[in-house]
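Peer 1:
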Amino acid sequence: MEYAYARVSAKDQNLQRQIAALSEFGIEKSRIFSEKKSGKDFERKEYKRLLKKLTSGDLLVIKSIDRLGRNYSQIIEEWNRITNIIGADILVLDMPLLDTRTKADTLVGKFISDIVLQVLSFVAENEREGIKARQAEGIKIAHQKGVRFGRPSFVYSEEFLSVADDYLCKRIKLKTALQILNINQSNFFYHIYKIKKNKSVLQ
């Protein structure tokens, strides 16, 4: 039996290109499992449904290897589970070398696919490390130039601090403070809490 899996990460992304390619290959739509879910792990509803269907001798078709997932160490584990434990084959349409179906020798197809997958994993891991290194370097340079990251600190106006001080010292009532600042109660208490935690702003 032939099955297929299609995935996009975000709800606003379209699955139709993948589904069209899989249908063109010859997979019946009823056997195409698709979902809009992050590829960070394999905790996905439709993917788990697919695994329950797969049996020895079946073929799983995907458009590209990153549709299976984005963590290559996990991809290799899943690849081994499908091909070695379940006993199904895998075909990646965008990379014909990733095809474990029987060739001249059953082991040849699986061996070549395993080698290609390992190479892809190595390249992807190196690229991730390179991205992290470039990000760290960029952050370091930015810090040296005085750039600060994160949410900017909220600066209270003199009027707000004066009203807050009057309220905290019970010189005015809550209703009066809210009217002066034109602010709702929950927002006011949020800032009062912050001010009380950092009493220096009132000094």
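Residue 22 in our numbering is what sits at position 17 of the sequence shown, and the numbering runs on without skipping anything. Ideal Cβ placement from N, Cα and C applies to all residues, glycine included.
Taking the straight line between their C-alpha atoms, what separation do you get for residue 119 and residue 191?
Peer 2: Straight-line Cα distance between these residues: approximately 59 Å.
Peer 1: Taking 8 Å as the threshold, find out whether the region 67-75 comes into contact with the region 31-38 through three or more Cβ pairs.
Peer 2: Segments in contact, no.
Peer 1: Closest to residue 165 by CA distance: which of 102, 187, 144, 148 is it?
Peer 2: Of the candidates 102, 187, 144, 148, the one whose C-alpha sits nearest the C-alpha of residue 165 is 187.
Peer 1: So which of 142, 148, 65, 172 has the shortest CA-CA distance to residue 98?
Peer 2: With distances taken between Cα atoms, residue 98 lies closest to 65.
Peer 1: Within the same chain, show all residues whose beta-carbon is closer than 8 Å to that of residue 121, passing over the 5 residues directly before and after it, in chain order.
Peer 2: Excluding positions up to five away in sequence, the list reads 100, 102, 103.
Peer 1: Buried or exposed: where does residue 109 fall if 16 or more other Cβ atoms within 10 Å of its Cβ makes it buried?
Peer 2: Residue confidence for residue 109 is low, a pLDDT of 44 falling below 50, so the modelled location carries little weight and cannot support an answer.
Peer 1: Report all residues from its chain with a CB closer than 7 Å to the CB of residue 30; omit the five preceding and five following residues, and keep chain order.
Peer 2: For residue 30, where only same-chain residues beyond five positions count, the Cβ hits under 7 Å are 66, 98.
Peer 1: Given that a residue counts as buried once 16 or more other Cβ atoms are within 10 Å of its Cβ, and exposed if not, what is residue 74?
Peer 2: Buried, by the Cβ-count rule.
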